[in-house]
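**Student:** Residue numbers (the numbering used here): 3 to 112.
C-beta: ideal position from N, C-alpha, C; glycine also.
Encoded as structure tokens, here's the structure I'll be asking about.
Written out as structure tokens, the structure is:
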């Protein structure tokens with residue numbers, strides 16, 4: 003996995019390559035996680051996700067703002083930034099995908 007973070011202040015791009023055999027992925031989109039009760043076992047219409055869609059969502063660009071601001075090592079400011087994650091081929095022969103069914107209300111996803 004390659005993570006790219008671009009600082010909105012100085013426009014520096016930080017690239018980190020991670021050789022992880024475990025990916026922790028939210029199984030539901032953030033918009034549905036907030037409205038779907040963790041104690042409810044009912045099927046929410048339109049929540050069926052394919053593994054391909056979950057991986058696509060993992061790789062979508064993310065704005066880092068609010069409590070998740072980026073601490074830039076170049077301009078030494080805590081600023082908004084844009085993060086992209088990419089899955090590179092070849093993937094390892096064995097990889098663990100942890101699908102998170104629920105998140106705690108107000109908890110930051112790290």
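#1: Measuring straight from C-alpha to C-alpha, what distance separates residue 10 and residue 4?
#2: Check for me: the alpha helix (DSSP H) holding residue 56 runs from which residue to which?
#3: Would you list the one or two residues that DSSP bridges to residue 95?
#4: What is the DSSP secondary structure of residue 7, reduced to helix, strand or coil?
#5: Contact between the region 7-26 and the region 72-88 is defined here as three or more beta-carbon pairs at a separation below 8 Å; is this criterion met?
#6: Can you name, in chain order, every residue of its own chain whose Cβ lies under 6 Å from the Cβ of residue 16, other than the five neighbours on each side?
#7: How would you write the range of the beta strand (DSSP E) that residue 21 sits in, first residue to last?
#8: Where does residue 69 sit, in a helix, a strand or coil, going by DSSP?
#9: With a threshold of 8 Å between beta-carbons, can residue 13 be considered close to chain B, or not?
**Tutor:** Considering the structure as presented:
#1: 19 Å
#2: 53-61
#3: Residue 95 is not bridged to any residue.
#4: strand
#5: yes
#6: 7
#7: Counting along the chain, residue 21 falls outside any beta strand (DSSP E), and DSSP gives it neither H nor E.
#8: helix
#9: No chain B appears in the structure shown, which is made up of a single protein chain.
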